[in-house]
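Numbering (this note's numbering), first residue to last: 7 to 138.
Ideal Cβ positions, reconstructed from N, Cα and C, are used throughout, including at glycine.
Values in this document were obtained by computation on a predicted structure and should not be read as measured data.
Here the structure is laid out as structure tokens; the discussion comes afterwards.
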């Protein structure tokens, strides 16, 4: 399929792993164009590749759209990647919460929050089963 969102996602992640940031950004931009629900992932990609003002623009665009729990989670991810942890926690608290919010405990995109003192309390509050 010509414009397969999954393909652009994998392509972008592959480029990022190879250190080809410009290509990764381009692939994730195309992902957001093909499937706009992934616009926040494009913003996250911009943030983690030090294109902070562009990532902030994506947040602005998302804030001007109808808010959903998916977009709120994405805004939290972008803010975390920008190091704006207070803002990230505000958006993590968005209700209704997206089903992926408990994944804060393990998904790499949430890694910036791990150093924050609120992280352990948040994970504890999720009441997740213990890992062996």
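{"Check": "Unbroken alpha helix (DSSP H) run spanning residue 58, endpoints", "Outcome": "58-69"}
{"Check": "Within the stretch 66-138, ranges of the alpha helix (DSSP H) (whole runs, at least 4 residues)", "Outcome": "75-87, 91-98, 123-132"}
{"Check": "Residues of its chain near residue 124, where Cβ-Cβ distance is below 7 angstroms and the 5 sequence neighbours each way are ignored", "Outcome": "95"}
{"Check": "Through-space distance from residue 100 to residue 71, alpha-carbon basis", "Outcome": "15 angstroms"}
{"Check": "Alpha helix (DSSP H) segment containing residue 43, residue limits", "Outcome": "Segment: none, residue 43 is in no alpha helix (DSSP H) and carries neither H nor E."}
{"Check": "Residue 87 beta carbon less than 8 angstroms from that of residue 42", "Outcome": "no"}
{"Check": "Close-in-space but distant-in-sequence residues of the same chain around residue 65 (CB under 8 angstroms, 5 per side omitted)", "Outcome": "49, 81, 84, 85"}
{"Check": "Under 8 angstroms between C-beta atoms of residue 110 and residue 121", "Outcome": "no"}
{"Check": "Residue of 9, 115, 128 minimising C-alpha distance to residue 39", "Outcome": "9"}
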